[in-house]
Amino acid sequence: MATIEVGQAAPPLPGVAFGDGALAVVFYKVTCPVCQMAAPTVDAMARAYPGRVVGVGQDPPDALERFGREFGMDVPAVPDLPPYDASNAYGIESVPTLFIIDGTGTVADAVVSWDRDGYNRASARLAELIGVEPVTVSDPSDGLPSFRPG
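Set out below in C-alpha coordinates:
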(Lines of atoms letter the chains of each structure in order from A; the text may use other names.)
(Lines give C-alpha, C1' and ligand atoms only; values in the text may rest on other atoms or scores of the structure.)
Protein backbone atom coordinates (compact mmCIF):
# COMPACT_ATOMS: atom_id res chain seq x y z
CA MET A 14 0.00 0.00 0.00
CA ALA A 15 1.32 3.45 -0.90
CA THR A 16 1.42 6.33 1.55
CA ILE A 17 -1.71 8.45 1.32
CA GLU A 18 -1.13 11.55 -0.75
CA VAL A 19 -1.78 15.26 -0.52
CA GLY A 20 -5.42 15.94 -1.30
CA GLN A 21 -6.69 12.62 0.03
CA ALA A 22 -8.85 12.29 3.13
CA ALA A 23 -6.87 11.40 6.24
CA PRO A 24 -8.11 8.17 7.81
CA PRO A 25 -9.42 8.59 11.36
CA LEU A 26 -7.03 8.14 14.28
CA PRO A 27 -8.23 7.01 17.72
CA GLY A 28 -8.46 9.98 20.07
CA VAL A 29 -7.54 12.56 17.41
CA ALA A 30 -10.16 15.06 16.21
CA PHE A 31 -9.39 16.47 12.77
CA GLY A 32 -12.33 18.90 12.87
CA ASP A 33 -10.59 20.99 15.55
CA GLY A 34 -8.22 22.59 13.02
CA ALA A 35 -5.03 21.66 11.23
CA LEU A 36 -2.63 19.14 12.77
CA ALA A 37 0.78 17.64 12.17
CA VAL A 38 0.73 13.86 12.63
CA VAL A 39 4.03 11.99 12.75
CA PHE A 40 4.27 8.20 12.57
CA TYR A 41 7.34 6.75 14.28
CA LYS A 42 8.87 3.72 16.00
CA VAL A 43 10.98 4.02 19.14
CA THR A 44 13.77 1.77 17.80
CA CYS A 45 14.08 3.72 14.54
CA PRO A 46 17.37 5.69 14.51
CA VAL A 47 15.98 8.22 12.02
CA CYS A 48 12.93 8.77 14.25
CA GLN A 49 15.28 9.32 17.18
CA MET A 50 17.27 11.83 15.14
CA ALA A 51 14.12 13.69 14.00
CA ALA A 52 12.50 13.79 17.46
CA PRO A 53 13.88 17.22 18.50
CA THR A 54 12.61 18.69 15.22
CA VAL A 55 9.14 17.29 15.85
CA ASP A 56 9.37 18.80 19.33
CA ALA A 57 10.37 22.17 17.83
CA MET A 58 7.26 22.02 15.66
CA ALA A 59 5.14 21.18 18.71
CA ARG A 60 6.58 24.14 20.64
CA ALA A 61 6.00 26.46 17.68
CA TYR A 62 2.39 25.33 17.21
CA PRO A 63 1.06 24.26 20.64
CA GLY A 64 -1.65 21.62 20.52
CA ARG A 65 -1.13 21.03 16.81
CA VAL A 66 1.31 18.08 16.76
CA VAL A 67 0.51 14.47 17.63
CA GLY A 68 2.61 11.35 17.35
CA VAL A 69 1.46 7.90 16.30
CA GLY A 70 3.95 5.44 17.69
CA GLN A 71 4.17 1.82 16.62
CA ASP A 72 4.94 0.83 20.21
CA PRO A 73 3.22 0.41 23.61
CA PRO A 74 2.36 3.57 25.58
CA ASP A 75 5.16 3.12 28.13
CA ALA A 76 7.75 2.86 25.35
CA LEU A 77 6.35 5.99 23.69
CA GLU A 78 6.61 7.88 26.97
CA ARG A 79 10.25 6.78 27.47
CA PHE A 80 11.06 7.75 23.87
CA GLY A 81 9.64 11.22 24.41
CA ARG A 82 11.76 11.74 27.53
CA GLU A 83 14.94 10.23 26.10
CA PHE A 84 14.87 11.92 22.70
CA GLY A 85 13.17 15.20 23.61
CA MET A 86 9.86 14.80 21.81
CA ASP A 87 7.14 16.21 24.06
CA VAL A 88 4.00 15.52 22.01
CA PRO A 89 0.82 13.57 22.73
CA ALA A 90 1.37 10.04 21.43
CA VAL A 91 -1.22 7.56 20.20
CA PRO A 92 -0.04 3.93 20.24
CA ASP A 93 -0.54 1.94 17.03
CA LEU A 94 0.02 -1.67 18.05
CA PRO A 95 -0.03 -4.81 15.86
CA PRO A 96 -1.73 -5.28 13.48
CA TYR A 97 -0.92 -1.54 13.01
CA ASP A 98 -4.36 -0.46 11.85
CA ALA A 99 -3.52 3.26 11.72
CA SER A 100 -0.18 2.74 9.97
CA ASN A 101 -1.84 0.47 7.42
CA ALA A 102 -4.69 2.95 6.85
CA TYR A 103 -2.11 5.67 6.13
CA GLY A 104 0.01 3.36 3.97
CA ILE A 105 3.09 3.84 6.14
CA GLU A 106 6.07 2.18 4.46
CA SER A 107 8.82 4.09 6.25
CA VAL A 108 9.15 5.96 9.52
CA PRO A 109 9.22 8.71 10.35
CA THR A 110 6.39 9.89 8.13
CA LEU A 111 4.87 13.31 8.80
CA PHE A 112 1.47 14.48 7.58
CA ILE A 113 -0.11 17.92 7.76
CA ILE A 114 -3.86 17.48 7.94
CA ASP A 115 -6.10 20.49 7.42
CA GLY A 116 -9.22 21.30 9.41
CA THR A 117 -11.43 19.33 7.03
CA GLY A 118 -9.39 16.15 7.49
CA THR A 119 -7.60 16.38 4.16
CA VAL A 120 -3.88 15.71 3.83
CA ALA A 121 -2.25 19.08 3.05
CA ASP A 122 1.40 17.92 3.07
CA ALA A 123 3.41 14.75 3.64
CA VAL A 124 7.08 14.04 4.33
CA VAL A 125 8.50 10.50 4.27
CA SER A 126 11.73 9.80 6.19
CA TRP A 127 13.89 12.69 7.42
CA ASP A 128 14.03 15.57 4.95
CA ARG A 129 14.98 18.98 6.39
CA ASP A 130 13.40 20.90 3.53
CA GLY A 131 10.28 18.76 3.81
CA TYR A 132 9.93 19.35 7.55
CA ASN A 133 10.38 23.11 7.09
CA ARG A 134 7.84 23.09 4.24
CA ALA A 135 5.41 21.13 6.44
CA SER A 136 5.97 23.60 9.28
CA ALA A 137 5.17 26.49 6.94
CA ARG A 138 2.06 24.71 5.65
CA LEU A 139 0.80 24.08 9.19
CA ALA A 140 1.44 27.73 10.09
CA GLU A 141 -0.47 28.86 7.01
CA LEU A 142 -3.43 26.66 7.88
CA ILE A 143 -3.68 27.94 11.45
CA GLY A 144 -2.93 31.56 10.56
CA VAL A 145 0.39 32.13 12.33
CA GLU A 146 3.92 32.99 11.26
CA PRO A 147 5.92 29.94 10.14
CA VAL A 148 8.88 28.68 12.14
CA THR A 149 11.98 27.05 10.66
CA VAL A 150 12.21 23.80 12.63
CA SER A 151 15.58 22.65 11.29
CA ASP A 152 18.58 24.36 9.74
CA PRO A 153 22.17 23.28 9.07
CA SER A 154 23.33 24.59 12.45
CA ASP A 155 21.44 21.77 14.22
CA GLY A 156 23.95 19.27 12.86
CA LEU A 157 21.35 17.04 11.21
CA PRO A 158 21.85 15.80 7.66
CA SER A 159 19.62 17.34 5.02
CA PHE A 160 18.12 13.92 4.23
CA ARG A 161 18.17 10.46 5.77
CA PRO A 162 15.93 7.59 4.67
CA GLY A 163 13.83 5.99 7.39
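Quick note: the numbering used here has the sequence shown finishing at residue 163, numbered continuously throughout.
The C-beta atom is built at its ideal place from N, Cα and C for all residues, glycine as well.
Among the options, the one whose alpha carbon lies nearest that of residue i
i           : options           : result
residue 32  : 153, 38, 155, 114 : 114
residue 164 : 144, 50, 88       : Here the chain comprises residues numbered 14 to 163, so residue 164 is not present and cannot be evaluated.
residue 26  : 143, 151, 93      : 93
Nearest-angstrom Cβ-Cβ length linking residue i and residue j, presumed shorter than 8 Å
i           : j           : result
residue 29  : residue 39  : Residue 29 to residue 39, Cβ: 12 Å. No contact.
residue 147 : residue 137 : 4 Å
residue 118 : residue 17  : Going by Cβ atoms, the distance from residue 118 to residue 17 rounds to 11 Å, so no, they are not a contact pair.
Contacts around residue i, its chain only, beta-carbon distance under 6 Å, and the 5 residues preceding and following it disregarded
i           : result
residue 80  : 43
residue 111 : 39, 124, 135
Strand pairing of residue i, partner residues [DSSP]
i           : result
residue 143 : According to DSSP, which records beta bridges pairwise, residue 143 is partnered with nothing at all.
Residue i and residue j closer than 9 Å at C-beta
i           : j           : result
residue 109 : residue 41  : yes
residue 45  : residue 163 : yes
residue 65  : residue 102 : no
Cutoff 8 Å; reference residue i; Cβ partners in own chain excluding five residues on either side
i           : result
residue 149 : 133, 136
residue 140 : 61, 62, 146, 147, 148
Nonlocal neighbours in the same chain, by C-beta distance under 7 Å from residue i, ignoring five residues either side
i          : result
residue 52 : 84, 85, 86
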